[in-house]
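Participant: Pasting a structure here, questions to come.
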Amino acid sequence: MIDALTGAYTRVFLREILPQQLDVCKAAGSTLALFLMDLDHFKVINDSFGHARGDEALREFARRIRHVLRRGDILCRYGGDEFVVVAEGLSPSEASVLGERMLTSVAETPIPGTPPLSLSVSIGLALFPDDADTVETLLQVADTRHYEAKRRGRAQLVGPEQDAETVSARFYASSRLIERDAQMSAFRAFLQAMPQARRGLFAVHGEAGCGQTRFLQETAKLARLQGYTTLHIHAHEPRRHRIYGAFLSAQQRIPKLADTFLGRHHVAETIEAFVRDKHAQGLFITIDGAHMLDSGSVRSLVSLFESTIPQVAIAYAPAAPMTLRLLRQQAHLRESVTLAPLSKAGLTVWLRHALLHEPEHAFVEWLFQESGGKPAAASACLETLSAYGLLAFNGEHWVASPYITKVSLDASLKSLLFAEPTKNSIPVEANTFIGRASEIKHLTQQVQNHAFVSLVGPPGIGKTRLAKQFARELVVQTGWRAIFVDMHECVDAHQLPYAILHALGIQPDTDDVWRQVYMLLSEHTSLLVIDGADIHEEVPSLLARLQAHLSQVRILALARQPLDVPGAFVFFLPPFALPPETAVLHEIDRAESVLMFIHEARDAYERFAFGKEWQLWRDLVLCTRGIPFLIRLLAMWVDFHTPDEWHAMLQTCKQGARPSPTPVLNFLWEQFSAEEHTFLRLLAAAPVPMSSQLLQECIHVTPFFFSALVERAFLHVVGKRAVMHEMFRDYIQAQHASPEQMEEYRRLIAQRGARALPVPPQHYHAEQTQAWLRAMALDAPFWKWLLFHVDWLDDEEAAQVIERLARWFLTTGNVTEGADLFMRAAAQVASPFQQAHLHVWRARMLLHMRQPQAALPLLEEAAPFLRGALLEDALLTRAEALWAMGAHGQVQTILSTLKPHPEMPLHMRARFFLLKARAALHNQHTESAASLAQQAFQAALQGIAPHEVVEAAALLHALHQEDGYILSVREWFLRAIQYVEGLGHVYGRVQLYEQMGSLLLIWQEYEQAAALYAQIIQDAYQRISYATRMRLLLRYTHTLALQQRWQEAMLSLYLFVSQGGFRLITDEAMRWMAVLVALVVLWHEATRDEQMQIVHLLAKIPTDMMDATAHVLRAHVRIPQSDVKRPAQSAKDIWREVAVLVERQMFADALNGAEKNTSDT
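Shown next as structure tokens:
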């Protein structure tokens, strides 16, 4: 178990050996030291000098650490640039000496190479037995101290001897409540009245973020001082869907709760016994997130109010009258307080605790403006500033960057600084999650310890439901991002990267889609949940490759059988525990299977009574063999049959050696008529999840029958799509339909689905077009599947399907995925006519992807089979490809054969006029080009052709730049933006905003340009690729510099650099623009010597890489006669990176032979 890169042991080895070493030390009475460390600023090394240089740094780092270790000490690579050292038999002082030797060894000499790299390391030290006596707590203490070492400024060791100096690890940890005296007085009065009232509720009102959690903590402290046993409940959205989920947060306080989470009386009885054992005068419960309480937890709280505990008081926030209405009816004492945001004076006191010194007035003013005085918002501001290096710890207290207080953050910068990435794409299930507490706990451990976990079990066992609940809770616990991909919705394994991007809400914008996935996943620790990982053969290998590239990604793959992935941990999901046949009534509901049956039956029928026929229901549950789907299925049907009918079915179940689920399914199958059996077979043949409307079109079921199947659990609905449950589908295919019949049913579904494919409007109408796009998106999995089965249709139907799907991909701008699907569909169909259609439309998409060379062979292959309008379209596409390749003469020949006519679709008319306009401009017929460009623009706006709208706007932009010819260009752009926004075409909108912004800069309307870039950054930043984000951020920084808003430009520039802007922008001209803008902005934060170097660097920028605005900026750079203040730390970081980029000849051709300047910065 050796890490191939560094030669250190792996994380898996550490997890195996550490418990063994701890046991040896316990037996021998020895000590053990655990050092958790990582390289400081390692991301900057990777981003600035490439991953190969980063790998060299890791290898050298590991070599230097091994050099100072003793024989027998263990070095493990914990993940990424994190390492762990385990050393036995060291006293605290000896461990500190070893830690200091590691610091010195790493930092004393730079790593050789180009350029030489100076490394430093931050180390957290934990000792056994002084700090902890278990593996988990030892790692936790080491991790906390490692964070403290980072927070103190890095390059240091924090262990037991240094821990006394530790300051608050979080900014908001003040020692007392601020401006809450009146509220605490009200709570004291509430406690004084409790002995007489016995049952009380204390509500904490106020806007979110005003310190409700902190206030509840103080109420619990005061209650403990007065003799209460306290219990804290943290309810949150994921646990709202889990029965008794809120009480999971109380397990550490009451360990017996962890044994089982069953009926409400069990929870209440366990807590009541706990209070009784403590000999407390009462129970005081704090509930954080009361509006997220699940129904089971509310019933348990009611049981506690009905218990024999002398006093039960509950303080909760936020106020949730509907959730706790049952408690309000039984509470004899009800009080409430309201928490307001802090005043400026209160925020000053809060900051004094957080920053460990008296804050500057300007910083208080700035933070008050940004946070509104809410402690949670102020904490988020401080944490974000610290993460970006804009707030640093100097060893004694926190110091803010001098320019941050001068920046009034507009919406765009605020969205960049404080916006959280999408944390959760896990679909929410409608039904309550029951049981599986031990499985979730075990799964949490395995996912954190293993990069790849395979959750295995047969259909109906509850893999998907468990994985969704687990992932949603893990997001809350760890802050990870959770991404859910359902391979049942994918045509084949090639759809996997596109499905990941769609789950992240980002559209593919490059033909190397896996590279885009890697970049997006590399920024955050993520859990990737893949449902149906064994449906397509290639999926496991693709997942293994993805995980190998990205160590911060954990994969949870759901499958029927273990996947062939080296190193994967296989988690076999068992059925629910069954009740013993000898169990009596008051014991039987302790089994999860029975609990689920009772809960589902009561949800379906309010009058359901378990006790009267409890033995019958017990035997029914035994027939399910603990399979959750069958339990739910039977619970949905309990009221449809008499006890005698159920007993008859039970006799059939018991005929075998052990109860079997097949008789249960046979019994339920017999409840349907012969006509309904046909509908069910068709539903079992449905290839992918489909909307209810499309299912009714393809299956011809009535809405009533469809709703009944959903209510009775045969159909599973997620979002707006439905699919037959996997276990019931397998049953039908095995017992009631042959493979040949299933094939015929699928063929019938394809033919009916083709006729139901939404038709795009001929003319653009906002509401109609958006309705068409919504209908296409709703059943996107089916339309993609249909594309691969057009050979089941006649040629005319196939042509319509291909055209409508192509128009959808082109309209939404999702041409990368569309071109990939059309390529693979063409390889499967046999009809040359259908292949020709696929080739022509794929060629259109390739042109949108700037790949004309790849489009031409497709058109040539399709040519013999084209006729009518498609032939005309292919000729136009060929002309567009040739123009892009510079074959202007051939284009003129093709254009001479094409004439616009009344039957020509508007999108084709727009493309024709665009080509004619480009040809006229090429021949320097500016007036004709302008007229044709306007005709193209009008035709594109009237049709559904967003790409042509953007291209026509770009042509108008070029004409204006060249001659200032189009006086109404502003009006054209505003119309184009409105049109593209209506279609939801994200990248088209970005392009239009960029072009409009550059025009505004030419017109010197800097304020409007900045507002334009700010708007698109705020609206679309999380939905576009990283490269596009960086391009927008650079243009925004440029515009701020032109307005001389230097402080905001500095902050924007820092965001650009910290997110890898120089690495992500590949266009040479844009790179030079980035360097230029960075140098000009840095000028205002530079010392005299640094400004001298800026002048030298500016002289190296090629003239042809500088636009007119850049020349103006460069002309304003002069050497000052007086000294300038030192730059902030963040400015120095940017300056260093920019200087290195230019000095290391990043643009080799432009800098070839240039004299190298030295730089000490």
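Going by this note's numbering, the first residue of the sequence shown is number 1, and it counts up by one from there.
Yeah, the Cβ is synthetic: ideal placement off N, Cα and C, and Gly gets one too.
#1: Restricting to runs no shorter than 3 residues, where is the beta strand (DSSP E) found entirely within the segment 484-558?
#2: Excluding the 5 residues flanking residue 504 on each side, which residues of the same chain have their C-beta closer than 8 Å to its C-beta?
#3: With the cut-off set at 8 Å, would you say residue 1000 and residue 1014 are in Cβ contact?
#4: Could you pull out every residue in the same chain whose Cβ sits closer than 6 Å to the Cβ of residue 935, ignoring the five residues on either side in sequence?
#5: Look at the alpha carbon of residue 485 and the alpha carbon of residue 563, and state the distance between them as a whole number of angstroms.
#6: Quick one: using the 10 Å Cβ neighbour count with 16 as the cut-off for buried, is residue 45 buried or exposed?
#7: Note down, one range per segment and in chain order, each alpha helix (DSSP H) of at least 4 residues found wholly within the segment 163-251.
#8: Using the C-alpha atoms, what's the distance from residue 626 back to residue 271?
#9: Excluding five sequence neighbours on each side, which residues of the same chain lie with their C-beta closer than 6 Å to the C-beta of residue 19?
#10: Do the segment 327-346 and the segment 207-216 make contact, defined as three or more Cβ pairs closer than 8 Å?
#11: Under three-state DSSP, which class holds residue 811?
#12: Select from 1044, 1055, 1065 the residue whose C-alpha is nearest the C-alpha of residue 1083.
#13: Just the C-alpha distance for residue 747 and residue 741, rounded to the nearest angstrom, thanks.
#14: Go to residue 32, then tell me how far its beta strand (DSSP E) extends in each direction, as first and last residue.
#15: So, for residue 83: in the same chain, excluding its five sequence neighbours on each side, which residues have a beta-carbon less than 6 Å away from its beta-carbon?
#16: Spatial neighbours of residue 730 within its chain, please: C-beta separation below 8 Å, excluding the five flanking residues on both sides.
#17: What's the gap between the Cα of residue 318 and the Cα of residue 80?
#18: Going by other Cβ atoms of all chains shown within 10 Å of its Cβ, with 16 needed for buried, is residue 2 buried or exposed?
#19: Return the first residue and the last residue of the beta strand (DSSP E) that residue 57 is part of.
#20: Can you tell which of 571, 433, 680 has the C-alpha that lies nearest to the C-alpha of residue 628?
#21: Which residue comes first and which comes last in the beta strand (DSSP E) that contains residue 398?
#22: Which residues mark the beginning and the end of the beta strand (DSSP E) in which residue 338 is found?
#23: Is residue 12 helix, strand or coil by DSSP?
#24: From residue 518 to residue 570, what distance separates their C-alpha atoms?
#25: I'd like the ranges of any alpha helix (DSSP H) spanning at least 4 consecutive residues and lying wholly in the segment 249-330.
#26: Within the same chain, show all residues whose beta-carbon is closer than 7 Å to that of residue 917, passing over the 5 residues directly before and after it, in chain order.
#27: Can you tell which of 142, 789, 994, 661 has the C-alpha that lies nearest to the C-alpha of residue 634?
#28: For residue 29, does the three-state DSSP call read helix, strand or coil?
#29: Can you give, in chain order, each stretch of the beta strand (DSSP E) that sits fully within the segment 777-809 and has at least 3 residues?
#30: Could you tell me the boundaries of the beta strand (DSSP E) in which residue 78 lies?
#31: Using the C-alpha atoms, what's the distance from residue 840 back to residue 681?
#32: Determine the burial state of residue 687: buried for a count of at least 16 other Cβ atoms within 10 Å of its Cβ, exposed for fewer.
#33: Could you check how far apart the C-beta atoms of residue 309 and residue 452 are, in whole angstroms? I think they sit under 8 Å.
#34: Check whether the segment 715-731 touches the segment 685-700, taking contact to mean three or more Cβ pairs, one atom from each stretch, closer than 8 Å.
#35: What span of residues does the beta strand (DSSP E) with residue 724 cover, start to end?
#36: Could you check which residue in 920, 449, 427 has the C-alpha nearest to that of residue 720?
Facilitator: According to the structure data:
#1: Fully enclosed beta strand (DSSP E) runs of no fewer than 3 residues occupy 526-531 of the segment 484-558, in order along the chain.
#2: Contacts found: 422, 425, 483, 520.
#3: No, the Cβ-Cβ distance between residue 1000 and residue 1014 is not below 8 Å.
#4: Excluding its 5 nearest sequence neighbours in each direction, residue 935 has C-beta neighbours in its own chain below 6 Å: 913, listed in chain order.
#5: The straight-line gap from Cα to Cα measures roughly 17 Å.
#6: Burial check for residue 45: the Cβ neighbour count within 10 Å reaches 16 or more, so the residue is buried.
#7: Runs of the alpha helix (DSSP H) inside the segment 163-251: 181-197, 212-225, 237-240.
#8: Cα atoms of residue 271 and residue 626: separation of roughly 29 Å, rounded to the nearest angstrom.
#9: So the list reads 135, once near-sequence residues are dropped.
#10: Inter-segment contact for the segment 327-346 and the segment 207-216 is present: three or more beta-carbon pairs are separated by less than 8 Å.
#11: Collapsing the DSSP output to three states places residue 811 in a helix.
#12: Residue 1044 is the option with its Cα nearest to residue 1083.
#13: Taking the straight line from one Cα to the other gives about 10 Å.
#14: Residue 32: member of the beta strand (DSSP E) spanning 32-39, first to last residue.
#15: Correct list, in chain order: 37, 77.
#16: Cβ within range, chain order: 459.
#17: If you take the alpha carbons of residue 318 and residue 80, they lie about 40 Å apart.
#18: That one is exposed.
#19: Unbroken run through residue 57 is the alpha helix (DSSP H), 51-68; no beta strand (DSSP E).
#20: For residue 628, the closest of 571, 433, 680 by C-alpha to C-alpha distance is 433.
#21: Membership of residue 398 in the beta strand (DSSP E) is indicated by the continuous run 398-400.
#22: From DSSP, the beta strand (DSSP E) with residue 338 extends over 333-339.
#23: Residue state, collapsed to three classes: helix.
#24: Computed Cα separation, rounded: 25 Å.
#25: For the segment 249-330, the full-length alpha helix (DSSP H) segments reaching 4 residues or more read 264-278, 295-305, 325-330 along the chain.
#26: Excluding residues within five positions, the ones whose Cβ falls inside 7 Å are 929, 932, 933, 936, 955.
#27: Selected option, being the one with the closest Cα: 661.
#28: Coil, per DSSP.
#29: DSSP runs (the beta strand (DSSP E)) wholly in the segment 777-809: none.
#30: Residues 74-79.
#31: Rounded to whole angstroms, residue 681 to residue 840 spans 37 Å at the Cα level.
#32: Residue 687 should be labelled buried.
#33: Your pair residue 309 and residue 452 does not check out as a contact, with CB atoms roughly 47 Å apart and the cut at 8 Å.
#34: Touching, yes, given that three or more Cβ pairs across the two stretches are closer than 8 Å.
#35: Residues 721-724.
#36: Considering only alpha carbons, the answer is 427.
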